[in-house]
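Residue numbers (the working numbering), protein chains in the order written: chain A, 131 to 356; chain B, 97 to 341; chain C, 2 to 235; chain D, 79 to 119. In this text, a Cβ means the ideal position worked out from N, Cα and C, and glycines have one as well.
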Amino acid sequence: MSILRNALTIAGKDLRAERKSKQVLPTMLVFAVLVIVVFSFAFDPDKESTKALIPGLIWIVSIFSAILGLNRSFISELKNDNIQGMIIAPVNSISIFLGKFFANFVMILIVQAIAIPMLFLLFDYQFNGSLPWLLLTIFTGTFGFVGIGSFLSAIASNSGISEMLLPLLLFPIATPALIGIVSATKIILRHPDQIEKAYGWLQLVGGYDIIFFGICIVLFDYILEV
Amino acid sequence: MSFFKNEEELGLNLNTRTTLVNHIVYGIAFAMILVSAYLIFIYSNIEKTMGAVQKIFYVHVGTAWNALLAFGVVFVCSILYLATKKRIYDVYATVAAEIGVVFIIIVMLTGPIWARSAWNVWWSWEPKLTSALILFFIYIAYTMIRFMDGSWDKKARLCAVFGIIGFIDVPIVYFASEWWGSKFHPTVVGQEGGGLEGNMVFALVFTVFAFSFFLTALIHKGVRIEKARIELQHMKDKIAEKIGR
Amino acid sequence: MIKIQKLVKKMGNKMILRNLDLEVKNGETIAVLGPNGAGKSTLLKVIATLYKPTSGKVMIHGIDLNENLNKIREKTGYLPHASLLYEHFSPLENLEFFGKLYGVKDLEKRSKELIKQVGLAFFMNEPVKGFSRGMIQRVAIARAIIHNPLLLLLDEPHTGLDQKAVGILNDVVETNKQKGMTTLMVTHDFKQAATLCDRAIIIQRGIVSDDFPIEVRTEEWLLNKYNEKVGGEN
Amino acid sequence: MTFLYTAYSITMAILFGYIFYLGSKQTKVIKEIESLKELYK
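Here it is, written out as structure tokens:
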């Protein structure tokens, strides 16, 4: 119980710091919108064939803006050795991981909540599938790569070139989740009649989420050790 | 010599010279590679539909299997390192990862040649190729962590953590890409191992073993070099300390 | 309070603490002296549970370091070089965040009290970002004692402080000493060490090379005693 | 047949190239150790 309470304290601290500094979230948002705009230049939004790109585009926007936030997640703790302040407090290391994860997760969900409707709007996409399914898919997929992403960002923050290192670590490891989630989104958006197939993909991503979230919790102690 | 007190403390047994055992290990490895060459080119039957090109398959599977084996060694040594914090496991993981990358590079190069001759395309998003590519990227990332600044024990810890995560990811990647490939690329791919004849199986098994032996010899040699480098670092540290006094 | 036997800490190839033994009784105020790179800060970090010892036995508050870290952490305050503070937060927010992690009761009251005690009542809600080194250090001191620790570890606390901040720091140590707090202070400031501490230990090359009570509370006496042992090393 | 020979020779070239690389690495380290030993005898 205290693990969760401390995690929420840490997540709250992160979100509060973000509210005060207004550095990461606006950057992520602007970046997400820019990616959408660039895409509308690259692929003609009026063409019917471009509609097929929307499912992939949702995740490209999400992942690339998520990387920006994940990068700052642990780097921001290095300035005054803040992370050491958390380590020497009577707090389980799992709380630190969970706290960081919650904060990142919330920020990325906010970005998605704004960027995805905007994407539909700018590409004039009429969504007539099942909204709960879409939300569930987005939630499951984001959970997976933000979880492992928060963990790998802690590894990368030890490097001098962490901004460059993190995508290299994250993309290969997150591949199964990405494959699954893009496929599921594709089915929900393009073939609403085959929804049971999307369910299969969601199970795969759900399994991935559970396995890797568990591993992250078990191994996080070794990353924090000084 | 006062410089060499730290060897036992490290748990490393240092000898940098080539010994008889090394010659024997290498000799057997080379001999097995030669025999496997004979098996591949002369002994084994030529496959009916694909012709001689099918024989790429032996080296391809041989290296792919051993790349996996090497990464398996990384995985096991990573767990052992985190559990015991003995440097020797980190040395093994370092060496095995490097050799694994070499093997996977071979796989990535021979794969397209096989694809070109079998399916007339250089690349296909076929599950085995896809997961080999991801595997390649995972261990490139692993090497990037190795090249980080900092003391060896910090790097060893981070690498061990990533080595564990990366290896667990492999079967999931394979499963995901197989499912993905089967749904979106229906029948580009023929079953390559469909009807292997007896002597083909023998050639394949022998080649895999030959490469495994080769892998063992390489790891052995790599570890000896790594140990020598650690000894060198120790000497330098001690000398620096003496000068510092 | 603290009982350390054969403590070894290796960082990479470097052996920083080599079989260090140390015993500290309840309520003592100890100056940890020694040349640069001798392992003073490392010793403090091991006691603060930031570094894991490579080998050896460490007992703090009667609890083994391998047994229950969080029990030790609850009762230990640590003030390192870095402030550990979040720049965008005000002193109050910083204290409340760390106070929550330590499970401090009546947190708001306690935080405000501490901020007044370190003389920053006027800046209670200003972000720490614009503060001077002296002001930051004052908040950092408050952070270190937010949970009323029984053991306070200070790493060069007097460096870069103005006269007033030094006064406040010494005050904090003195008042808490009367409440029974044990203090370990790594320092190069012999004047402060001589006035504040009852006992000094000298660390050289990773072991305690000397351990004596401070009998005469003057800078010269302590400096002489130190030079006798350490000699030309700085 | 050319495909087969290309694939096989690429494999062997990389493997033996790697052995060569290991060998040169080893010689370098051993040389350095020897020279340090000489210097600080």
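Subject >> CB of residue 155 (chain B) within 8 Å of CB of residue 312 (chain B), strictly >> reply: Taking 8 Å as the Cβ cut-off, residue 155 (chain B) and residue 312 (chain B) do not qualify as a contacting pair.
Original post:
Below 8 Å, can you find three or more Cβ-Cβ pairs linking the stretch 237-254 of chain A to the stretch 301-321 of chain A?
Top reply: Contact between the stretch 237-254 of chain A and the stretch 301-321 of chain A is not established, with fewer than three Cβ pairs separated by less than 8 Å.
**OP:** Determine the contact status of residue 135 (chain C) and residue 163 (chain C), defining contact as a CB-CB distance below 8 Å.
**Re:** Result yes, Cβ atoms of residue 135 (chain C) and residue 163 (chain C) sit closer than 8 Å.
Original post:
Hey, how far is the Cα of residue 181 (chain B) from the Cα of residue 249 (chain B)?
Top reply: Straight-line measurement puts the Cα of residue 249 (chain B) at about 9 Å from the Cα of residue 181 (chain B).
Subject >> Neighbour list for residue 333 (chain B) in chain C, Cβ cutoff strictly below 9 Å >> reply: Here the neighbours are 14, 15.
Original post:
Can you list, in chain order, the residues of the stretch 214-228 of chain B whose Cβ is nearer than 9 Å to any Cβ on chain A?
Top reply: Taking 9 Å as the Cβ-Cβ cut-off against chain A, the residues of the stretch 214-228 of chain B that qualify are 226, 227.
Original post:
residue 214 (chain C) by DSSP, collapsed to three states: which one?
Top reply: Residue state, collapsed to three classes: strand.
**OP:** Taking a Cβ distance cut-off of 8 Å, strictly less, list which residues of the stretch 146-169 of chain A are near chain C, in chain order.
**Re:** Across the stretch 146-169 of chain A, CB contacts with chain C closer than 8 Å involve 146, 147, 150, 151, in sequence order along the chain.
Original post:
Is any beta-carbon of chain A found at less than 8 Å from that of residue 259 (chain B)?
Top reply: Under the Cβ distance rule, residue 259 (chain B) does not count among the residues neighbouring chain A, no pair being separated by less than 8 Å.
Original post:
Looking only at C-alpha atoms, which of B:257, B:300, B:174 sits nearest to residue 128 (chain B)?
Top reply: Closest by alpha carbon: B:300.
Original post:
How many angstroms separate the CA atom of residue 205 (chain B) from the CA atom of residue 350 (chain A)?
Top reply: In this structure, the CA atom of residue 205 (chain B) is about 36 Å from the CA atom of residue 350 (chain A).
**OP:** Provide the residue span of the beta strand (DSSP E) that contains residue 196 (chain B), from first to last.
**Re:** No beta strand (DSSP E) holds residue 196 (chain B); the alpha helix (DSSP H) holding it covers 183-215.
**OP:** Please check if any C-beta of chain A sits within less than 8 Å of the C-beta of residue 186 (chain B).
**Re:** Output row for residue 186 (chain B): interface = no.
Original post:
residue 154 (chain B) by DSSP, collapsed to three states: which one?
Top reply: Three-state DSSP puts residue 154 (chain B) in a helix.
**OP:** Under 8 Å Cβ to Cβ from residue 251 (chain B), same chain only, skipping five residues before and after it: list those, please.
**Re:** Here the set comprises 241, 242, 244.
**OP:** Could you name the residues of chain A that residue 50 (chain C) contacts, counting a contact when the two beta carbons are closer than 7 Å?
**Re:** Result: 218.
Original post:
For residue 131 (chain A), does the three-state DSSP call read helix, strand or coil?
Top reply: In this structure, residue 131 (chain A) counts as coil in the three-state DSSP scheme.
**OP:** Please list the residues of the stretch 310-338 of chain B that have a C-beta atom closer than 7 Å to any C-beta atom in chain C, keeping them in chain order.
**Re:** Of all residues in the stretch 310-338 of chain B, 329, 330, 333 have a Cβ within less than 7 Å of some Cβ in chain C.
Subject >> Nearest residue (CA-CA) to residue 148 (chain C), options C:217, C:9, C:76 >> reply: Nearest option by C-alpha distance: C:76.
**OP:** Note down, in chain order, all residues in the stretch 91-114 of chain D with a beta-carbon under 8 Å from any beta-carbon belonging to chain B.
**Re:** Of all residues in the stretch 91-114 of chain D, only 92, 93, 96, 97, 100, 103, 104, 107, 108, 110, 111, 114 come within less than 8 Å of chain B when Cβ atoms are compared, listed by chain position.
Original post:
Would a C-beta distance cut-off of 8 Å place residue 233 (chain B) and residue 297 (chain A) closer than the cut-off?
Top reply: For residue 233 (chain B) and residue 297 (chain A), no; Cβs fall outside 8 Å.
Subject >> Length at least 3, wholly inside the stretch 307-353 of chain A: the beta strand (DSSP E) runs in chain order >> reply: Not a single unbroken stretch of the beta strand (DSSP E) spanning 3 or more residues falls wholly within the stretch 307-353 of chain A.
**OP:** At 3 residues or longer, and completely inside the stretch 113-187 of chain C: list those beta strand (DSSP E) runs for me, N to C.
**Re:** 152-156, 183-187, all fully within the stretch 113-187 of chain C.
Original post:
Listing by chain order, which chain B residues have their CB less than 7 Å from the CB of residue 326 (chain A)?
Top reply: Here the premise fails: no neighbours, minimum Cβ distance about 13 Å.
Original post:
At least one CB of chain B closer than 8 Å to the CB of residue 289 (chain A): is that the case?
Top reply: Yes, its Cβ sits closer than 8 Å to a Cβ of chain B.
**OP:** List in chain order: all unbroken alpha helix (DSSP H) runs of 4+ residues lying wholly within the stretch 181-233 of chain A.
**Re:** As far as the stretch 181-233 of chain A is concerned, its whole alpha helix (DSSP H) runs of at least 4 residues are 184-205, 212-217.
Original post:
What do you reckon, are the CB atoms on residue 257 (chain B) and residue 285 (chain A) nearer than 8 Å?
Top reply: Yes, these two residues count as a Cβ contact at 8 Å.
Original post:
Just checking, does the stretch 272-279 of chain A make contact with the stretch 339-346 of chain A on the three C-beta pairs under 8 Å criterion?
Top reply: Flag = yes, the stretch 272-279 of chain A and the stretch 339-346 of chain A touch.
Subject >> Alpha-carbon to alpha-carbon, residue 353 (chain A) and residue 1 (chain C) >> reply: The structure shown does not extend to residue 1 (chain C), since chain C is modelled only from 2 through 235, so no value can be given for it.
Original post:
alpha helix (DSSP H) containing residue 89 (chain D): first to last residue?
Top reply: It spans 80-117 - the alpha helix (DSSP H) in which residue 89 (chain D) sits, taken as one unbroken run.
Original post:
According to the Cβ coordinates, are residue 218 (chain A) and residue 50 (chain C) closer than 8 Å?
Top reply: Going by C-beta atoms, residue 218 (chain A) is nearer than 8 Å to residue 50 (chain C).
Subject >> Distance CB(residue 183 (chain A))-CB(residue 244 (chain A)) smaller than 8 Å >> reply: Result no, Cβ atoms of residue 183 (chain A) and residue 244 (chain A) do not sit closer than 8 Å.
**OP:** Out of C:115, C:187, C:105, state which residue places its alpha-carbon closest to the alpha-carbon of residue 169 (chain C).
**Re:** Comparing Cα-Cα distances from residue 169 (chain C) to each of C:115, C:187, C:105, the minimum goes to C:115.
Subject >> Chain-ordered chain D contacts of residue 149 (chain B) [CB-CB under 8 Å] >> reply: Simply 79, 81, 82.
Original post:
If contact means a Cβ-Cβ distance below 8 Å, which residues of the stretch 196-215 of chain B contact chain D?
Top reply: Answer in chain order: 198, 201, 202, 205, 206, 209, 210, 212, 213.
Original post:
Is residue 289 (chain B) buried or exposed, if buried means 16 or more other CB atoms sit within 10 Å of its CB?
Top reply: Any reading at residue 289 (chain B) needs caution, since the residue's pLDDT is 46, under 50, leaving its predicted position unreliable; the model's value is listed next. Exposed is the call here.
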